[in-house]
Amino acid sequence: MKKWLPFILFVVLAAWVLSTLRPRSETGFQIGEFAKLPVLMNGRFQPFDSVARNSLLQIRQRQSVVWREEGRTRRLSAREWLVEAMMRPERADARKIFRVDNVELISLLKLTEDQKYYSFAEIQPLHEELNRQAARISKIEAANRSSFERQVMKLYSAVNLYQRLKTSLKPPGVDDLAAQVSEYEKSIGPGVAAWRAREAGQTFDQEAFHRLLGLMSGFETVSRVALPLVVPSPHPEKGRQNWMNLGASLIDALHHDGVHPAAKQYATMVSAYRADQPEAFNRAVAEYRGWLAGEFGPELAKAGWEFSFNTLQPFYRAMVIYVLALVLGLVSLLAFALAPALSETLRRSAFWLIVLACVVHTVGLIFRMALEGRPPVTNLYSSAVFIGWAAVILGLVLERFYRVGIGLIVASVVGFVTLVIAHNLAVSGDTMEMMRAVLDTNFWLATHVITITLGYSAMFVAGLLAMLYIVLGVFTPLLSGKPVARGAHPGATSNPAPAKTAKLEVGPVLSRMVYGIICFATLFSFIGTVLGGIWADQSWGRFWGWDPKENGALLIVIWCAVMLHARWGKLIKDRGLMTMAIFGNIITAFSWFGVNMLGIGLHSYGFMDAAFKWLMLFNATQLAFILLGLLPLRVWRSFQVTTPAPADPVSPAGGKKTSPAAAGA
Numbered sequence: 091m092k093k094w095l096p097f098i099l100f101v102v103l104a105a106w107v108l109s110t111l112r113p114r115s116e117t118g119f120q121i122g123e124f125a126k127l128p129v130l131m132n133g134r135f136q137p138f139d140s141v142a143r144n145s146l147l148q149i150r151q152r153q154s155v156v157w158r159e160e161g162r163t164r165r166l167s168a169r170e171w172l173v174e175a176m177m178r179p180e181r182a183d184a185r186k187i188f189r190v191d192n193v194e195l196i197s198l199l200k201l202t203e204d205q206k207y208y209s210f211a212e213i214q215p216l217h218e219e220l221n222r223q224a225a226r227i228s229k230i231e232a233a234n235r236s237s238f239e240r241q242v243m244k245l246y247s248a249v250n251l252y253q254r255l256k257t258s259l260k261p262p263g264v265d266d267l268a269a270q271v272s273e274y275e276k277s278i279g280p281g282v283a284a285w286r287a288r289e290a291g292q293t294f295d296q297e298a299f300h301r302l303l304g305l306m307s308g309f310e311t312v313s314r315v316a317l318p319l320v321v322p323s324p325h326p327e328k329g330r331q332n333w334m335n336l337g338a339s340l341i342d343a344l345h346h347d348g349v350h351p352a353a354k355q356y357a358t359m360v361s362a363y364r365a366d367q368p369e370a371f372n373r374a375v376a377e378y379r380g381w382l383a384g385e386f387g388p389e390l391a392k393a394g395w396e397f398s399f400n401t402l403q404p405f406y407r408a409m410v411i412y413v414l415a416l417v418l419g420l421v422s423l424l425a426f427a428l429a430p431a432l433s434e435t436l437r438r439s440a441f442w443l444i445v446l447a448c449v450v451h452t453v454g455l456i457f458r459m460a461l462e463g464r465p466p467v468t469n470l471y472s473s474a475v476f477i478g479w480a481a482v483i484l485g486l487v488l489e490r491f492y493r494v495g496i497g498l499i500v501a502s503v504v505g506f507v508t509l510v511i512a513h514n515l516a517v518s519g520d521t522m523e524m525m526r527a528v529l530d531t532n533f534w535l536a537t538h539v540i541t542i543t544l545g546y547s548a549m550f551v552a553g554l555l556a557m558l559y560i561v562l563g564v565f566t567p568l569l570s571g572k573p574v575a576r577g578a579h580p581g582a583t584s585n586p587a588p589a590k591t592a593k594l595e596v597g598p599v600l601s602r603m604v605y606g607i608i609c610f611a612t613l614f615s616f617i618g619t620v621l622g623g624i625w626a627d628q629s630w631g632r633f634w635g636w637d638p639k640e641n642g643a644l645l646i647v648i649w650c651a652v653m654l655h656a657r658w659g660k661l662i663k664d665r666g667l668m669t670m671a672i673f674g675n676i677i678t679a680f681s682w683f684g685v686n687m688l689g690i691g692l693h694s695y696g697f698m699d700a701a702f703k704w705l706m707l708f709n710a711t712q713l714a715f716i717l718l719g720l721l722p723l724r725v726w727r728s729f730q731v732t733t734p735a736p737a738d739p740v741s742p743a744g745g746k747k748t749s750p751a752a753a754g755a
């Protein structure tokens, strides 16, 4: 069983990942087929499914809506919620989707205090007060806003986003949109003729004129606030991105004496959904997809691929596998002295799980690159994903050379943590949105960001290895330096393990790992910084301008140089190198995130202040590890070596004393 455990775990989790690619049959309304339809939003083509997921993340910080009803837990997926919000908003208004954590804001809006989420119906009565507060706070710089004021602006943005979405496919108060669009199309000819006659000062048909105006009033509301552009360009040969929202398209029909086919199909979908007619809804979706396949095949295909990417959720699945691998790796390392054979089995299981997670992680990276048509790093979200991927590769390489399980722990921890960071960054909106012009399609930018993020990855890997060194040194005897071959118990008399199996020399191994990774980080951080200057020269006309982001990158290079020179000059030994490597985590985190919170500089595309609390918490944990590492060696369990004392006529023979090892100073 032990021999087959790695294979069994690998196959089971691989099957779990691949199972998401199997199409799921839908009964009733085929919401999944609707969610594959392309729209234009945030400057790029994407499926309704992405609009739903990104919007619900911003509003609820989750990709589903959960509630209790009749003693049962019920759930709406993001796409189901979006369809309900756009086509049956009176029902969606009762869904508790708005997250409010600030007690002061809850009191201001007179909301119930014993719950975490609130519905639009609960917030709407005091929407005017929310607008008034938002108008006041908008005049305050983001960096100077209090926690209450940030929460107000967050709720204000979420409510506005919801209102725009629910008015994207249907004017308020309209029940049968298909019938209204049909009546509108019939009224265009007589109404426009009456309009022109009125403008010319001639006698005109007042009934036709007022009928057209009455029908247009609702469409004008949609044209002003609708968010996604759902109706394709009437002349794709003149520009494939000239899409319109539903209201603008219907008003534009006045100039063409006919309603766009896409607008008719959407109207049919809305009416069928409201009338609970799944067959009519599904037929309209299928007919519209067939129409799109003609002139808008590329947009339809891209939306379909992104829908598959969303369904696969590669980063979430990789994150789960990283956690399982971490558990196996930790148990393997801690159980080594008691059960070496089992420890080796668990180590191999963790190794193959990380290989699987890395494959899934890589597929997600390549998928994103193909969908965006750009390098893997374009914003903070993608930088977190890429840094995690690079750190996992480094961890596997370390494990290939030092088969003691440490590389696996590093790979799984950094892979998991960076994907958690990426998930929280996704809450702010679309992670694939169009970049600013200065960031778009530039060779030097692509090479700069990839190289500099490889430097970030190496710094975090070195810091994590250093943290592991200190934890093992203070709390375990594993740094004592006693080598034991894997597969053989320390006290066993059987034949030793084959020569190819590694020996557990954790202290020296960790020291060599950290030194090698710091050398790697120094090289890539320096090259990445130089490449960044070349890009800046091409984009902004100067190589170096002491921008906060540039200063952060330079700090990493300087700190790497300080660590290496201190080691080469024998100013520090292993323990000193470890504490300096941990402080490198603080410097790297500041360069990666901290400078984005300053609110100044040319790198304004990445500003964010929501993570300030977490950055400070991270820095506090790193300082705690540094203080732990600076404890005297006599309290480190790994260096509390027990040695027999010489015979003494006064003291009992064989007395013992404890002395710390000289190594590691």
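Under the working numbering, the residue at position 493 of the sequence shown is numbered 583, and the numbers go up by one with no gaps. Ideal Cβ placement from N, Cα and C applies to all residues, glycine included. Values in this document were obtained by computation on a predicted structure and should not be read as measured data.
Item checked: Ala-556 versus Met-670 - alpha carbon distance -> Numbered from 1 along the sequence shown, position 466 holds the residue referred to as residue 556. Numbered from 1 along the sequence shown, position 580 holds the residue referred to as residue 670. The alpha-carbon atoms of Ala-556 and Met-670 are separated by roughly 9 Å.
Check: What residue range is occupied by the uninterrupted alpha helix (DSSP H) comprising Glu-640?
Finding: If you number the sequence shown from 1, residue 640 lands on position 550. Run containing Glu-640: 638-658, per the alpha helix (DSSP H) assignment.
Checklist line | DSSP-derived helix/strand/coil call for Leu-73 | finding: The first residue shown for the chain is 91 and the last is 755, placing residue 73 beyond what the model contains.
Check: In chain order, what residues of the same chain lie with their CB nearer than 8 Å to the CB of Ile-678, ignoring the 5 residues before and after it?
Finding: Position 588 of the sequence shown, counted from the first residue, corresponds to residue 678. Note on identity: in this sequence residue 678 is Thr, with Ile being the wrong assignment. Same-chain partners within the cutoff: Tyr-546, Met-549, Phe-550, Gly-553 and Ile-646.
Next item on the list: Provide the residue span of the alpha helix (DSSP H) that contains Ile-496, from first to last.
Entry: Along the sequence shown, one-based indexing puts residue 496 at 406. For Ile-496, the enclosing alpha helix (DSSP H) covers residues 496-516.
Check: Do the CB positions of Ser-728 and Leu-562 come within less than 8 Å of each other?
Finding: Against the sequence shown, residue 728 aligns to sequence position 638. Against the sequence shown, residue 562 aligns to sequence position 472. In terms of Cβ geometry, Ser-728 and Leu-562 form a close pair [threshold 8 Å].
Check: Which stretch, first to last residue, makes up the beta strand (DSSP E) that contains Pro-128?
Finding: Counting from 1 along the sequence shown, the entry for residue 128 is found at position 38. Per DSSP, Pro-128 is one residue of the beta strand (DSSP E) stretching across 128-131.
Next item on the list: Would you identify the three-state DSSP class for Met-522, choosing helix, strand or coil?
Entry: Translated into positions along the sequence shown, residue 522 becomes position 432. Coil at Met-522, not helix or strand.
Check: Hey, would you say Thr-508 sits closer than 8 Å to Ala-481, going by beta carbons?
Finding: By one-based count along the sequence shown, residue 508 stands at place 418. By one-based count along the sequence shown, residue 481 stands at place 391. Judged by their CB atoms, Thr-508 and Ala-481 are nearer to each other than the 8 Å cut-off.
Next item on the list: Assign Ser-209 to one of three DSSP states: helix, strand, or coil.
Entry: Within the sequence shown, residue 209 is the residue found at index 119, counting from 1. DSSP places Ser-209 within a strand segment (E or B) once states are collapsed to three.
Notebook entry, point to check: Where does Gln-355 land, buried or exposed, given buried means 16+ other C-beta within 10 angstroms?
Noted result: By 1-based counting over the sequence shown, the position of residue 355 is 265. The C-beta of Gln-355 has 16 or more other C-beta atoms within 10 Å across all chains shown, which makes the residue buried.
Next item on the list: Could you check the C-alpha separation between Phe-309 and Gln-712 for me, to the nearest Å?
Entry: To locate residue 309, count along the sequence shown from 1; it is residue 219. To locate residue 712, count along the sequence shown from 1; it is residue 622. Using only the alpha carbons, I get a separation of about 56 Å.
Check: Whose C-alpha, out of Phe-399, Leu-302, Val-517 and Ser-228, is nearest the C-alpha of Thr-110?
Finding: Here residue 110 corresponds to residue number 20 of the sequence shown, with the count starting at 1. Selection Phe-399, Leu-302, Val-517 and Ser-228 evaluated against Thr-110 yields Phe-399 as nearest (Cα-Cα).
Next item on the list: Mind checking who Pro-137 pairs with in its DSSP beta bridge?
Entry: Taking the first residue of the sequence shown as position 1, residue 137 is located at position 47. DSSP output for Pro-137 lists Pro-128 as bridge partner(s).
Checklist line | Identified DSSP bridge partners for Lys-334 | finding: Here residue 334 refers to the residue found at position 244 when the sequence shown is read from its first residue. Here residue 334 is Met; the residue named in the question, Lys, does not match the sequence. Paired residues: Val-321.
Check: Can the beta-carbon of Leu-488 be found less than 8 Å from the beta-carbon of Gly-497?
Finding: One-based indexing of the sequence shown puts residue 488 at position 398. One-based indexing of the sequence shown puts residue 497 at position 407. At the C-beta level, Leu-488 and Gly-497 come within 8 Å of one another.
Next item on the list: Can you tell me which of Thr-257, Glu-327, Ser-615 and Ile-607 puts its alpha carbon nearest to the alpha carbon of Ile-483?
Entry: Position 393 of the sequence shown, counting from 1, holds the residue named residue 483. Among Thr-257, Glu-327, Ser-615 and Ile-607, the Cα nearest to that of Ile-483 is on Ile-607.
Next item on the list: Please name the residue in Leu-201, Asp-627 and Met-522 whose C-alpha comes closest to that of Phe-472.
Entry: Translated into positions along the sequence shown, residue 472 becomes position 382. Contrary to the premise, residue 472 reads as Ser rather than Phe in this sequence. The closest CA to that of Ser-472, considering only Leu-201, Asp-627 and Met-522, is found on Met-522.
Notebook entry, point to check: Do Leu-130 and Ser-439 have their C-beta atoms closer together than 8 Å?
Noted result: By one-based count along the sequence shown, residue 130 stands at place 40. By one-based count along the sequence shown, residue 439 stands at place 349. No, the pair does not count as a contact, with Cβ atoms beyond the cut-off.
Next item on the list: Please report how far the alpha carbon of Tyr-274 lies from the alpha carbon of Leu-267, in whole angstroms.
Entry: Numbered from its first residue, the sequence shown carries residue 274 at position 184. Numbered from its first residue, the sequence shown carries residue 267 at position 177. In a straight line, the C-alpha of Tyr-274 is about 10 Å away from that of Leu-267.
Check: Going by Cα to Cα distance, which pick from Tyr-492, Lys-206 and Gly-133 is closest to Ile-187?
Finding: Numbered from 1 along the sequence shown, position 97 holds the residue referred to as residue 187. Nearest to Ile-187 by alpha-carbon distance, out of Tyr-492, Lys-206 and Gly-133, is Lys-206.
Check: On the three-state DSSP scale, how would you describe Leu-302?
Finding: Counting from 1 along the sequence shown, the entry for residue 302 is found at position 212. In the structure shown, Leu-302 sits in a helix (DSSP, three-state: H, G or I).
Next item on the list: Report all residues from its chain with a CB closer than 8 Å to the CB of Leu-146; omit the five preceding and five following residues, and keep chain order.
Entry: Here residue 146 refers to the residue found at position 56 when the sequence shown is read from its first residue. Taking C-beta separations shorter than 8 Å and ignoring five residues to either side along the sequence, the partners of Leu-146 in its chain run Arg-152, Gln-153, Ser-154, Val-155, Ala-168, Trp-171, Leu-172 and Ile-187, following chain order.
Notebook entry, point to check: What span of residues does the beta strand (DSSP E) with Lys-200 cover, start to end?
Noted result: Against the sequence shown, residue 200 aligns to sequence position 110. Going by DSSP, Lys-200 is part of no beta strand (DSSP E) at all; its letter is neither H nor E.
Checklist line | Residue range of the alpha helix (DSSP H) that includes Ser-681 | finding: Here residue 681 corresponds to residue number 591 of the sequence shown, with the count starting at 1. Where Ser-681 is concerned, the enclosing alpha helix (DSSP H) stretches over 664-682.
Margin query: How far does the beta strand (DSSP E) with Val-190 in it extend, from its first residue to its last?
Written below: Numbered from its first residue, the sequence shown carries residue 190 at position 100. Boundaries for Val-190: no beta strand (DSSP E) harbours it, and the DSSP string shows neither H nor E there.
Check: What do you reckon, are the CB atoms on Leu-535 and Leu-470 nearer than 8 Å?
Finding: Here residue 535 corresponds to residue number 445 of the sequence shown, with the count starting at 1. Here residue 470 corresponds to residue number 380 of the sequence shown, with the count starting at 1. No. Outside cutoff.
Notebook entry, point to check: With distances taken between CB atoms, is the gap from Lys-260 to Val-375 smaller than 8 Å?
Noted result: Walking along the sequence shown from the start, residue 260 turns up at place 170. Walking along the sequence shown from the start, residue 375 turns up at place 285. The answer is no: Cβ separation not under 8 Å.
Checklist line | Pick from Val-467, Ile-196 and Ala-501 that is closest to Leu-446, judged by C-alpha positions | finding: Mapped onto the sequence shown, residue 446 falls at position 356. Selected option, being the one with the closest Cα: Ala-501.
Next item on the list: Report the option in Asp-191, Gln-253 and Pro-215 whose CA atom is closest to the CA atom of Arg-178.
Entry: Along the sequence shown, read from residue 1 onward, the residue named residue 178 stands at position 88. Closest by alpha carbon: Gln-253.
Note to self: Relative to the C-alpha of Pro-351, which candidate in Gly-380, Val-421, Leu-390 and Ala-365 has its C-alpha closest?
What the structure shows: Numbered from its first residue, the sequence shown carries residue 351 at position 261. Minimum Cα distance to Pro-351 is reached at Gly-380.
Margin query: Within 10 Å of its beta-carbon, does Ala-357 have 16 or more other beta-carbons around it, so buried, or fewer, so exposed?
Written below: What you label residue 357 is simply residue 267 of the sequence shown in a count that begins at 1. Classification of Ala-357: buried, given that the 10 Å Cβ count is 16 or more.
Next item on the list: Indicate whether Ile-477 and Leu-443 have their beta-carbon atoms separated by less than 8 Å.
Entry: Counting from one through the sequence shown, the residue named residue 477 turns up at place 387. Counting from one through the sequence shown, the residue named residue 443 turns up at place 353. Taking 8 Å as the cut-off, the beta carbon of Ile-477 is found no closer than this to the beta carbon of Leu-443.
Checklist line | Beta-carbon proximity of Ala-87 to Leu-255, cut-off 8 Å | finding: This structure cannot speak to residue 87, because the chain is shown only from 91 to 755.
Next item on the list: Mind checking who Lys-186 pairs with in its DSSP beta bridge?
Entry: Locating residue 186 in the sequence shown gives position 96, counting from the first residue. Ser-209, per the DSSP bridge assignment.
Item checked: Among Arg-437, His-346, Ala-429 and Val-539, nearest to Arg-490 - alpha-carbon criterion -> To locate residue 490, count along the sequence shown from 1; it is residue 400. The residue among Arg-437, His-346, Ala-429 and Val-539 with its C-alpha nearest the C-alpha of Arg-490 is Arg-437.
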